[in-house]
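Protein chains in written order, with this note's numbering: chain A, 1 to 413; chain B, 414 to 720.
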């Protein structure tokens, strides 16, 4: 299915990532965004509000984030492609309904322009510390998909990608961008509508009487109907059987919650997108995502100039995590270096997949800024030099940390 | 009745040097409210312009104990502070007679914070909740709120060729609060400083929850020259867009009745956010806005006369 010409603002733009995502949503056929103003994501909502009438779409500003995400779940069941836009505190407020969306197998997209720090944190500056929240934020077992764009162009492209994944696997999809990418202004090329491939909704087309809301296809994903279209439809956040009716014993818990996980995990190979460079003879591999992957490029160049064989593995899809690929590489390389703008989140998944076969070096950053390429380069050198197998994740001391804690009390040795 | 000389002689509790825009209404309100308080106060603020511009680390404009939590929960936070005070007072661990003031913008009060506000009043915490109402989310760059008047341009209710800005009427939050039967509730504005100061004192004297909805012109979001803040604020009252009234013990009282009720166009034409309404293909948006204002004003007249 190709994009609708009315939705695609074909052309070459010089815009920021937030705006690019708003344009991407319209191009993906998103007909409804409900949102609530929150720095640094508001520009995406504003952009969509401005252009929505062109594609017959609608933006509604709700009274808070709880209402925003609830509205899009409703709109998705009414048949629309939907998205909400938020950051930090708003993302926390949305957690309950993310789980609800996963339980109801509702396709929607959530754009999180990550800010720095916990709570109010640093609204106008960057961070990557919501990555585990994206994965585990709502209560109970479920799986969803999270992707991490690193440029305004990718915020356009990946917003479309996110909609396609949401429709294909009927689950919430998180676009885990960060303030740097959201507020960075760069060239963005919006192609013609016929060059944009869209995933249609998995509509049920059989006899209305025979529709069973949660009966999965072979790939474990069920078909969907519009609420109010004459089918028997019972949807609820309660643990339910294929018909949607409440059930409550271990047998059903195993059967139906398990499928929520399996439908993502069994399709991992099709979902996961990685960007790999020079991994063939690498001694050290840098694993990064989002804005950190752009800083990592320079760090890697600097290390190569020093003669280190270093490869680059960029996680375009962060969740589900590429366990097998990391495990496979761990058998061949000496170390992984993981720069992220937090005090260690994705790095522990890298370590988990290494099974002790390679060392793992974390290059932390507290937020409100990005790494120095020199730090990433030095961490690579450390990884290449270390001959011993170190059992725990090695925390690299960055130049900033040395400066801040110079002579003073170190919190953690 | 407050005297300017007395007020001016007081030690400032909200000091200058903060980062508000020139002509900011919210900062004037914070200063006037604190000036009016006769007891020592503890202040809470929800996320918003006031919180951001007054507390950029390592500076603070607050010469009083101050707490900020999140966007939606200043009422709940101050309810907790007040409950702790009551407990400590009962045990004799606090001797002073304190007052508690919560500041929230219209976003943090009308929209995301209404649940916490409702709970605070229902549990009868003796807190003065001040909504500095600048009629949109100014901190994030002018998005519409449920306090934004019909027809106003904001970035999420943009005025275009088909739609003349925000389509919905304002929520009447003061009346929603009054439905909770607070100890005191009123609408005020910074242009009528004496009216405002009197209301703050009444609110703080009232034994129970109190609420002040204070119109806070925003030169950036409302789009007027910074020196016009007080003029714009007064015109909102003279055109009855922002009636100054109070509610206590089941009685409504209009505190400032304009000598001559001006048409709302006098207020609208002062501000860029309504400029498109004057170029609009018909006069429907302005007419409907006027009807809304007249309806609320006439109802208020009846209510205040009936009692």
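Backbone N, C-alpha and C define an ideal beta-carbon position, used for all residues, glycine too.
Predicted model, so just to flag it, every value in this text is computed and none were measured.
- A straight-line Cα-Cα distance of about 14 Å links residue 258 of chain A and residue 247 of chain A.
- DSSP links residue 556 of chain B through a beta bridge to B/550.
- Shown here, residue 133 of chain A sits in a helix according to DSSP, grouped into three states.
- Annotation: Cβ neighbours of residue 119 of chain A in chain B (cutoff 8 Å, chain order): 483.
- Chain A places no beta carbon closer than 8 Å to that of residue 564 of chain B, leaving this residue out of the contacts.
- Within the stretch 589-601 of chain B, not one residue has a Cβ closer than 9 Å to any Cβ of chain A.
- Going by DSSP, residue 122 of chain A is part of the beta strand (DSSP E) stretching over 122-126.
- Residue 715 of chain B and residue 658 of chain B have their alpha carbons spaced roughly 13 Å apart.
- Using beta-carbon distances, residue 630 of chain B does not count as an interface residue toward chain A, since no partner is under 8 Å.
- Pairwise C-beta distances place the stretch 662-674 of chain B out of contact with the stretch 555-565 of chain B, as fewer than three of them are shorter than 8 Å.
- Using a CB distance below 7 Å, the part of the stretch 524-544 of chain B facing chain A consists of 524 and 525, ordered along the chain.
- In the DSSP assignment, residue 74 of chain A falls within the alpha helix (DSSP H) that extends over 65-77.
- Nearest to residue 705 of chain B by alpha-carbon distance, out of B/468, B/655 and B/540, is B/655.
- Against residue 554 of chain B, the close residues of chain A are 42, in the order they occur along the chain (beta-carbon pairs closer than 7 Å).
- Burial state of residue 266 of chain A is exposed, judged by a 10 Å Cβ sphere holding fewer than 16 other Cβ atoms.
- With distances taken between CA atoms, residue 474 of chain B lies nearest to B/426 out of B/426, B/498, B/457 and B/459.
- For the pair of segments examined, the stretch 40-52 of chain A was found to touch the stretch 75-89 of chain A: the number of CB pairs separated by less than 8 Å reaches three.
- The Cβ atoms of residue 234 of chain A and residue 24 of chain A do not sit closer than 8 Å to each other.
- Contact between residue 22 of chain A and residue 51 of chain A holds: CB atoms are separated by about 7 Å, below the 8 Å threshold.
- The Cβ atoms of residue 627 of chain B and residue 546 of chain B sit closer than 8 Å to each other.
- Its chain contains 202 and 223 as the residues whose beta carbon lies nearer than 8 Å to that of residue 217 of chain A, once the 5 sequence neighbours on both sides are disregarded; these appear in chain order.
- If you check the CB distance, residue 333 of chain A and residue 303 of chain A do not come in under 8 Å.
- Residue-level contact check: residue 32 of chain A does not touch chain B, since none of the beta carbons of chain B fall below 8 Å from its beta carbon.
- Leaving aside the five residues that flank residue 447 of chain B on each side, the residues in its chain whose CB is nearer than 6 Å to its CB run, in chain order, 426 and 427.
- Assigned with DSSP and collapsed to three states, residue 603 of chain B falls in coil, not helix or strand.
- In this structure, residue 113 of chain A sits away from residue 166 of chain A, with a CB-CB distance that is not shorter than 8 Å.
- Within the model, the alpha-carbon separation for residue 444 of chain B versus residue 377 of chain A is close to 52 Å.
- In the structure shown, residue 359 of chain A adopts extended strand secondary structure according to DSSP, grouped into three states.
- Straight across, the Cα-Cα distance linking residue 603 of chain B with residue 645 of chain B is about 10 Å.
- Residue 512 of chain B has a beta carbon lying at 8 Å or more from every beta carbon in chain A.
- The beta carbon of residue 551 of chain B is closer than 6 Å to those of 462, 631 and 634 in its chain, skipping five residues each way along the sequence.
- Not a single CB atom of chain A sits nearer than 8 Å to the CB of residue 614 of chain B.
- Taking a Cβ-Cβ threshold of 7 Å, the residues of chain B close to residue 50 of chain A are 571, in chain order.
- Pairing residue 149 of chain A with residue 108 of chain A, the inter-Cα distance amounts to about 18 Å.
- Residues of chain B whose Cβ lies closer than 8 Å to the Cβ of residue 283 of chain A do not exist, since the nearest Cβ in that chain is about 43 Å away.
- Residue B/613 holds the alpha-carbon nearest to the alpha-carbon of residue 543 of chain B among B/589, B/495 and B/613.
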